[in-house]
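Visitor: Pasting in a structure now, in structure tokens, and then I'll have a few things to ask.
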Ligand SMILES: Cc1ncc(C[n+]2csc(CCOP(=O)(O)OP(=O)(O)O)c2C)c(N)n1
């Protein structure tokens, strides 16, 4: 006899879910069969040429920003930089689909999206430079601090969107994650909360193939990461993450759906990180150059340029203008980083609490005395 | 005390429409200890929200709500079930103000029923105050009286900083008249509950009644014990503690949480640093053993009682 033999044979209890219970047909939630694409399809003609040129311009400037930041790490002027080279389409679209009143919840790789929100390009780098945690005002820019602990910003996006809706504001929150981040508990809790609360949130997963060295096959056994939406009761979308127009369109639809009360969406953008995880990482240990080269062929910047030119939507002048603006930004970055940042040691004790505790006051006095002694010596 | 906490929540929610409660079973049921009883009925399900079962999700959602200008009050159902939310607490709740150079404050109150003495089974009796107290950016308070339950909880919700509000489970059923108009001391102030000249028992939360009982019993030995209720572990009231210890010259720290690396070790060190020349004896600690919280039928061996406290006081007397 086993415990199973003791299973009750009583009639079905009355609490079984009824018609108001969970969805019985997951089909409307399932992601696209293939990554959604616009470039190279007739759908391109349906998009506003101004928007297309804007996306291109931002891609070019973003690419240059990534390159310059990486160079600055080599010169020791930036402590670390997780480059989004290869993923610029996702970064750019994440910013361009949001309105001023919406909120962005970026992860550490999403500096470009933060800059796309209008944050000063240098202020966006204080965390990675090491002179301050968050160099911008998150409230004024509706942009949460760059988040290092994986996926922990996702529930924040849900809470903010939920609060905004309670207050009657049509505000949408967009949370950005990597493929590795989808394995963290906070990701799953955030999805579940978002669906249960019907919060106006969009989750954008940039699936760039690797979490540092670990490939997606060791991260998840799901057919796609977008499938993870189904179990929570929200739609999942799958999009070509290097097709800036497609990412923009899919995200814009998800944002619109959220804004009009349709609830959350999970978007998986298939993309690739062309550089190493950060400047400190050796990517040749875990991936072959054939793979990298294949993705270079599908580079989001050249991809868009090629298709826009072919459609007669982009001329040499626009291309030159983008290149000029990119160079100007790079020059500003070089100049700014050439100067040593101003640091205030006593700021360490500021902003721990609204009012410093007696203990912090004492410690601030101790450091002040040490500094005075140093200055005197 | 449970009713005082309930009254504090109700009065704060009435006074400030941005105060929102969220947690497991806080709505229809009113919480497993009924601290949120009737609040969903009065303020609606949005302001007293039954959440999915996910502590990190609850606290992480509260972070976002606070970012948008709400004042969330989170209930963790039991002490040991708050641990899944530890990352949100340490990495975000405690640090957001500092990470954003003061631009984003998180006025979140996290209410956690804590401690033993109620015959709870495993994972229902932890005292986790040391984890919270060693996390900069959090206030950590714990009431021991009915008046403080009301006053400190209202002050915690009104605070612009995150507050870990530790509710001593075994005092939930303690009784006293509550005058909601009477002011209590603010967060960060210790209160002398009993004056005395032989030694001072420094304590907080669930151990306060035990210390008061010990002080009564000590009279038979001819000892006149003072009892100091810390009320707030962070900020710590060094000034009051040092003043009392200097005037008495002998001190015992009492808490039921484990001793090694515990709050008592911190207090003993601070007192020694500040009052060395006024001390007639080393600062002693009476704490729970350094063991996982025991099964309920054995918990009375673990929890510091009157006898253990009096033994410590006896040890302090050697120099006369
Ligand atoms: C909670 C947590 N665990 C571990 C790390 C260390 N870590 C930083 S990045 C990273 C890989 C993340 O991969 P993915 O989510 O795919 O994002 P990507 O770097 O590819 O953008 C890890 C493990 C972390 N930041 N946070």
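Residue numbers (my numbering), protein chains in the order written: chain A, 3 to 379; chain H, -19 to 300. The C-beta atom is built at its ideal place from N, Cα and C for all residues, glycine as well.
1) Applying the criterion that 16 or more other CB atoms from any shown protein chain within 10 Å of the CB defines a buried residue, is residue -6 of chain H buried or exposed?
2) Would you check whether ligand 1 has a heavy atom nearer than 8 Å to the C-beta of residue 208 of chain A?
3) Below 8 Å on the Cβ atoms is my contact criterion, and I expect residue 1 of chain H with residue 19 of chain H to pass it. Report the Cβ-Cβ distance as a whole number of Å.
4) Going by DSSP in three states, residue -1 of chain H sits in which element: helix, strand or coil?
5) Let's see if you can read the secondary structure: which residues bound the alpha helix (DSSP H) around residue 297 of chain A?
6) Return the chain-ordered list of same chain residues with a C-beta closer than 8 Å to the C-beta of residue 374 of chain A, the five sequence neighbours on each side being excluded.
7) Measure how close the beta-carbons of residue 267 of chain H and residue 285 of chain H come, nearest whole angstrom, since I'm counting them as under 8 Å.
8) Which class does residue 252 of chain H belong to by DSSP, given the choice of helix, strand or coil?
9) Using a 10 Å radius around the Cβ and a threshold of 16 neighbouring Cβ atoms, would you call residue 187 of chain H buried or exposed?
10) Roughly how many angstroms lie between the CA atoms of residue 34 of chain A and residue 279 of chain A, to the nearest whole one?
11) Are there any heavy atoms of ligand 1 lying less than 8 Å away from the beta-carbon of residue 183 of chain A, as far as the coordinates show?
12) Taking 9 Å as the CB-CB limit, is residue 361 of chain A close to chain C?
13) Should residue 32 of chain H be flagged as near chain A, meaning a C-beta pair shorter than 9 Å?
14) Please go through the same chain and pick out, in chain order, the residues whose beta-carbon is closer than 7 Å to the beta-carbon of residue 140 of chain A, but skip the five residues on each side of it.
15) Under 9 Å between C-beta atoms, does residue 216 of chain H make it to chain A?
16) Helix, strand or coil for residue 194 of chain A? Go by DSSP, reduced to three states.
17) Using a Cβ-based criterion (distance less than 8 Å to any ligand heavy atom), does residue 154 of chain A qualify as near ligand 1?
18) One question on the structure: do residue 84 of chain H and residue 126 of chain H come within less than 9 Å of each other, judged by their Cβ atoms?
19) Using beta-carbon positions only, say whether residue 211 of chain H and residue 253 of chain H come within less than 9 Å of one another.
20) Just to check my reading of the structure: residue 221 of chain A and residue 178 of chain A have Cβ atoms closer than 8 Å, yes? What is that Cβ distance to the nearest angstrom?
21) Among all the DSSP beta bridges, which residues are the ones paired with residue 209 of chain A?
22) Less than 9 Å between CB atoms is the rule here; does residue 232 of chain A satisfy it with respect to chain H?
23) Sorry if obvious, but does the Cβ on residue 150 of chain A come closer than 8 Å to a heavy atom of ligand 1?
24) Tell me, please, whether the CB atom of residue 368 of chain A is closer than 9 Å to any CB atom in chain H?
25) Under three-state DSSP, which class holds residue 150 of chain A?
26) To which residues of the same chain is residue 177 of chain H closer than 6 Å at the C-beta, ignoring the five residues directly before and after it?
27) Please list, in chain order, the residues of the segment 124 to 144 of chain A that have any C-beta partner in chain H closer than 7 Å.
28) On a CA-only basis, which of H:169, H:181, H:-13, H:57 is nearest residue 296 of chain H? Give me that one, please.
29) DSSP state of residue 188 of chain H, grouped into three classes?
30) Check the Cβ of residue 71 of chain H against every Cβ in chain A and list those closer than 7 Å, keeping chain order.
31) How far does the beta strand (DSSP E) with residue 237 of chain H in it extend, from its first residue to its last?
32) Do you know whose CA, among A:314, A:167, A:343, lies nearest residue 134 of chain A's CA?
33) For a quick check, are the C-beta atoms of residue 228 of chain H and residue 173 of chain H less than 9 Å apart?
34) Quick check on residue 103 of chain A - is its C-beta less than 9 Å from some C-beta in chain H?
35) Could you give the distance in angstroms between the alpha-carbon of residue 153 of chain A and the alpha-carbon of residue 354 of chain A?
36) With a Cβ-Cβ cutoff of 9 Å, do residue 271 of chain A and residue 243 of chain A count as a contact?
Guide: Answer, in terms of the structure:
1) So residue -6 of chain H counts as exposed.
2) Correct: residue 208 of chain A has its Cβ closer than 8 Å to ligand 1.
3) Confirmed, Cβ separation roughly 6 Å.
4) If DSSP states are grouped into helix, strand and coil, residue -1 of chain H belongs with the strands.
5) Taken as a continuous stretch (DSSP letters only), the alpha helix (DSSP H) holding residue 297 of chain A covers 291 to 298.
6) Counting only Cβ-Cβ distances below 8 Å, and skipping sequence neighbours, we find nothing.
7) Not quite, the Cβ-Cβ distance comes to about 12 Å (not below 8 Å), so this is no contact.
8) The DSSP-derived three-state label of residue 252 of chain H is helix.
9) The residue is buried, with at least 16 neighbouring Cβ atoms inside 10 Å.
10) If you take the alpha carbons of residue 34 of chain A and residue 279 of chain A, they lie about 28 Å apart.
11) Correct: residue 183 of chain A has its Cβ closer than 8 Å to ligand 1.
12) Considering every chain present, this structure includes no chain C. Its protein chains are A and H.
13) Interface annotation, residue 32 of chain H: in contact with chain A, CB-CB separation under 9 Å.
14) Excluding positions up to five away in sequence, the list reads 146, 147.
15) Residue contact with chain A for residue 216 of chain H: present (Cβ-Cβ distance below 9 Å to some residue of chain A).
16) Residue 194 of chain A: helix per DSSP, three-state reduction.
17) For ligand 1, a non-hydrogen atom lies closer than 8 Å to the CB of residue 154 of chain A.
18) Cβ distance not < 9 Å, so residue 84 of chain H and residue 126 of chain H don't count as in contact.
19) For residue 211 of chain H and residue 253 of chain H, no; Cβs fall outside 9 Å.
20) Actually they are not in contact, since the Cβ atoms of residue 221 of chain A and residue 178 of chain A sit about 17 Å apart, beyond 8 Å.
21) A:272.
22) Chain H, which has no Cβ nearer than 9 Å to the Cβ of residue 232 of chain A, makes this no.
23) Yes.
24) The beta carbon of residue 368 of chain A does not come within 9 Å of any beta carbon belonging to chain H, so the residue lies off that interface.
25) Coil at residue 150 of chain A, not helix or strand.
26) Around residue 177 of chain H: 204.
27) Shown in chain order are the members of the segment 124 to 144 of chain A whose Cβ falls below 7 Å from a Cβ of chain H: 134, 135, 136, 139, 140, 141.
28) When only C-alpha atoms are compared, the closest one is H:181.
29) Correct three-state label for residue 188 of chain H: helix.
30) Result: 151, 154.
31) Going by DSSP, residue 237 of chain H is part of the beta strand (DSSP E) stretching over 231 to 238.
32) Of the residues A:314, A:167, A:343, the one whose Cα lies closest to the Cα of residue 134 of chain A is A:343.
33) Cβ distance not < 9 Å, so residue 228 of chain H and residue 173 of chain H don't count as in contact.
34) Taking Cβ atoms only, chain H never reaches closer than 9 Å to residue 103 of chain A, which makes this a no.
35) Going from the Cα of residue 153 of chain A to the Cα of residue 354 of chain A covers about 24 Å.
36) Inclusion of residue 271 of chain A and residue 243 of chain A in the CB contact set at 9 Å is warranted, their separation being smaller than that value.
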